[in-house]
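Number of protein chains: 2
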Amino acid sequence: MKLGWIGTGVMGASMAGHLQQGGHELWVYNRTKQKAGPLLDHGATWCDTPAAVAENARIVFTIVGHPQDVEAVYFGADGLNSDRAGMDIVVDMTTSQPSLAKIIAQRAEPLGIDSLDAPVSGGDVGAREGTLAIMVGGKQAVFNQVLPLFELMGTTISYLGGPGMGQHTKVCNQILVAGNMIGTCESLLYAARQGLDLQQVIDIIGKGAASSWSINNLGPRIAQENYDPGFFVEHFIKDMGIALAEARAIGLALPGLALVQQLYIALKAQGHGRSGTQALFLALQTLNGDGSG
Amino acid sequence: MKLGWIGTGVMGASMAGHLQQGGHELWVYNRTKQKAGPLLDHGATWCDTPAAVAENARIVFTIVGHPQDVEAVYFGADGLNSDRAGMDIVVDMTTSQPSLAKIIAQRAEPLGIDSLDAPVSGGDVGAREGTLAIMVGGKQAVFNQVLPLFELMGTTISYLGGPGMGQHTKVCNQILVAGNMIGTCESLLYAARQGLDLQQVIDIIGKGAASSWSINNLGPRIAQENYDPGFFVEHFIKDMGIALAEARAIGLALPGLALVQQLYIALKAQGHGRSGTQALFLALQTLNGDGSG
Numbered sequence: 081m082k083l084g085w086i087g088t089g090v091m092g093a094s095m096a097g098h099l100q101q102g103g104h105e106l107w108v109y110n111r112t113k114q115k116a117g118p119l120l121d122h123g124a125t126w127c128d129t130p131a132a133v134a135e136n137a138r139i140v141f142t143i144v145g146h147p148q149d150v151e152a153v154y155f156g157a158d159g160l161n162s163d164r165a166g167m168d169i170v171v172d173m174t175t176s177q178p179s180l181a182k183i184i185a186q187r188a189e190p191l192g193i194d195s196l197d198a199p200v201s202g203g204d205v206g207a208r209e210g211t212l213a214i215m216v217g218g219k220q221a222v223f224n225q226v227l228p229l230f231e232l233m234g235t236t237i238s239y240l241g242g243p244g245m246g247q248h249t250k251v252c253n254q255i256l257v258a259g260n261m262i263g264t265c266e267s268l269l270y271a272a273r274q275g276l277d278l279q280q281v282i283d284i285i286g287k288g289a290a291s292s293w294s295i296n297n298l299g300p301r302i303a304q305e306n307y308d309p310g311f312f313v314e315h316f317i318k319d320m321g322i323a324l325a326e327a328r329a330i331g332l333a334l335p336g337l338a339l340v341q342q343l344y345i346a347l348k349a350q351g352h353g354r355s356g357t358q359a360l361f362l363a364l365q366t367l368n369g370d371g372s373g
Numbered sequence: 081m082k083l084g085w086i087g088t089g090v091m092g093a094s095m096a097g098h099l100q101q102g103g104h105e106l107w108v109y110n111r112t113k114q115k116a117g118p119l120l121d122h123g124a125t126w127c128d129t130p131a132a133v134a135e136n137a138r139i140v141f142t143i144v145g146h147p148q149d150v151e152a153v154y155f156g157a158d159g160l161n162s163d164r165a166g167m168d169i170v171v172d173m174t175t176s177q178p179s180l181a182k183i184i185a186q187r188a189e190p191l192g193i194d195s196l197d198a199p200v201s202g203g204d205v206g207a208r209e210g211t212l213a214i215m216v217g218g219k220q221a222v223f224n225q226v227l228p229l230f231e232l233m234g235t236t237i238s239y240l241g242g243p244g245m246g247q248h249t250k251v252c253n254q255i256l257v258a259g260n261m262i263g264t265c266e267s268l269l270y271a272a273r274q275g276l277d278l279q280q281v282i283d284i285i286g287k288g289a290a291s292s293w294s295i296n297n298l299g300p301r302i303a304q305e306n307y308d309p310g311f312f313v314e315h316f317i318k319d320m321g322i323a324l325a326e327a328r329a330i331g332l333a334l335p336g337l338a339l340v341q342q343l344y345i346a347l348k349a350q351g352h353g354r355s356g357t358q359a360l361f362l363a364l365q366t367l368n369g370d371g372s373g
């Protein structure tokens, strides 16, 4: 099938590669052409604008950075929604605003274009190995059409409901992570200050009723003072910001999430925007006057 | 061996039963005699005071409610530490203050008595099935002596260091749970308000990088509006109070934990002290004006 791909960062390049390996023809656009290199080497066609992708491909996938980038790709000059579009379906896989997903759906409809929001979780490893979880909102019939392509990129593909419901589910995921992270980092800071061996504590409390992916996977990095990403602090701040804005829009206060975002904002101010999310440990150390953060 | 057991609540009765089944002779005290019934039926000897237990048993285990109860059992009139004591070792398995564990150790030493702090996790099911995690502080040699008895009650038995270190590890466990619970409840409240199917969301986000025991085990109860305990709200408030007091004592601010405790205090004020900890969902609903909490 003739497919379009916009956004060839770490995640997008791997995901598009799976479509290519699945025998599909790709038209590709990215802000930095160089990052599309491997896809072009394997036969993909370069396009100078999103609009050029839309002219050639039937289904276009987008995965870019921030909601503003999504807006630019869809609605900017030479964006996907320009009147030259020949495509049938757009699929935004960026972790973006549920409300923007609804706007994309509303504006696409009069042009005869269907849309899906389909954010993912599973990180760069999941993207590379084709084991992502993909959370999809939009029309069920459109989901069914795109499903075989999703299956090339992920292993857990879920249809959640109308436009925005995929993004809402990703928001739920990130709210959950925020709680797990504050628990992990406060727990290990207490352990460190009381003179416990961090890895031993992780081995004990990481089983049973306190267990989480965060304590078992990021805890050991904290124990080793390894704050490499993983998942960037600044991207997590973006995701929590989307969650808080969407919650506020429906009159919903989430005090835990708000506190965690504040601490991450402080962490970024301390120069850790490009550290991994486990660096929250350093923000709590600094807060308590004993960190190098 | 001649063993003492003080505190035959839901946890204690099961744990003492495993020692009895292991062929040990038991001397038992509890505030409410009736709850010791099954142990007495199986040949345990009733004692009217903790001191009477200490007179007869070589190793005495205690698992009572609050730190004040621990103090009463050890230092009260007819307490364990009265001069009639013939015992060699005391083991407090209550989730209690690390600082109290140190005091018990200090006061026991001149009497020629060794002490361990050995709080557990795994709940009533773990107690019944003998699969508890037991976190032990005290002298290593004393730990080694008591280990065969711990092995009758639990499957993961860890030596963490000197007096109080078992309690400190349990504190780490509860700090971690606090974070996991706020994440779980805020995430599911957002999901509910956005019209998502809670169980479907749990099935998706409960795998991968957002997963926790809380979302996977308590999340489904929230989805079914089941707020039965499990683990009582009022006991969790006690545990978080211990954590915050110990942290404050060493000059350590834990803002996430403090916020979560406040929400649980509000939840108890709403009449949910004897609900399960997943009822935090109701406190957040009430906070947002749409609950029955």
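If you read the sequences in order, they're chains P and C.
Residue numbering for the first sequence is 81 to 373, as defined by the numbering used here.
Residue numbering for the second sequence is 81 to 373, as defined by the numbering used here.
Note that beta-carbon positions come from the ideal geometry of N, C-alpha and C, so glycine has one too.
These figures come from a predicted structure and were not determined experimentally.
Check                                                                                                                                     : Outcome
Residue closest to A116 (chain C), alpha-carbon to alpha-carbon, out of C:T88, C:A134, C:V200, C:G97                                      : C:T88
Alpha-carbon to alpha-carbon, A137 (chain C) and P243 (chain C)                                                                           : 22 Å
Interface flag, T236 (chain C) vs chain P, CB-CB below 8 Å                                                                                : yes
Local Cβ density within 10 Å of I330 (chain P), reported as buried at 16 or more and exposed below that                                   : exposed
Integer Cβ distance of I284 (chain C) from I295 (chain C), believed to fall under 8 Å                                                     : About 10 Å separates the two Cβ atoms, so there is no contact after all.
Residues sharing a beta bridge with I214 (chain P), DSSP                                                                                  : P:V200, P:I237
Where M215 (chain C) meets chain P, residues with beta-carbon distance less than 8 Å                                                      : I284
Spatial neighbours of V90 (chain C) in its chain, beta-carbon cut-off 6 Å, leaving aside the 5 residues before and after                  : D204
Contacts around S201 (chain C), its chain only, beta-carbon distance under 6 Å, and the 5 residues preceding and following it disregarded : A213, N253
Within-8 Å CB hit, G264 (chain C) to chain P                                                                                              : It is Thr, not Gly, that sits at residue 264 (chain C) in the sequence shown. Yes, T264 (chain C) lies at the interface with chain P (some Cβ there is under 8 Å from its Cβ).
Proximity winner among C:T174, C:T366, C:L276, C:A258, relative to Q148 (chain C) (alpha-carbon distances)                                : C:T174
Short CB-CB distance (under 8 Å) between K287 (chain C) and chain P                                                                       : yes
Closer than 7 Å at the beta carbon, the chain C residues around M245 (chain P)                                                            : L276
Within 8 Å of chain C by C-beta, residues of the segment 250-264 of chain P in sequence order                                             : V251, C252, N253, Q254, I255, L256, V257, A258, G259, N260, M261, I262, G263, T264
L367 (chain C) burial status per 10 Å Cβ neighbour count (16 or more: buried)                                                             : buried
Spatially closest choice to V222 (chain C) from C:I345, C:A198, C:P190, by CA coordinates                                                 : C:A198
Where I169 (chain C) sits in the DSSP three-state scheme                                                                                  : strand
Near-chain P residues of the segment 339-350 of chain C (beta-carbon distance less than 8 Å), N- to C-terminal order                      : L339, V340, L343
Residue(s) in a DSSP beta bridge with F125 (chain P)                                                                                      : The sequence shown places Thr at residue 125 (chain P), rather than the Phe named in the question. DSSP output for T125 (chain P) lists P:W107 as bridge partner(s).
Sequence-distant residues of the same chain with beta carbon closer than 8 Å to G373 (chain P), five excluded per side                    : Low local confidence applies: a pLDDT of 42 at G373 (chain P) is under 50, so the model's placement there is unreliable, and no value is given.
Buried/exposed call for N306 (chain C), threshold 16 Cβ in 10 Å                                                                           : exposed
Simplified DSSP state of F223 (chain P), which is helix, strand or coil                                                                   : helix
Same chain, Cβ closer than 8 Å to A165 (chain P), neighbours up to 5 away in sequence not counted                                         : A131, A134, E135, L191, I193
Nearest candidate by alpha-carbon position, reference Q177 (chain P), set P:G321, P:A333, P:I345, P:L240                                  : P:G321
Reference F312 (chain C), options C:G156, C:E266, C:T357, closest by Cα                                                                   : C:T357
Chain P contact for L362 (chain C) (CB, 8 Å cutoff)                                                                                       : no
Residues of its chain near G286 (chain C), where Cβ-Cβ distance is below 6 Å and the 5 sequence neighbours each way are ignored           : I295, N296
7 Å Cβ cut-off: residues of chain P touching G103 (chain C)                                                                               : Those within 7 Å of G103 (chain C) in chain P number zero; the least Cβ separation is about 28 Å.
Neighbour list for I295 (chain C) in chain P, Cβ cutoff strictly below 8 Å                                                                : L256
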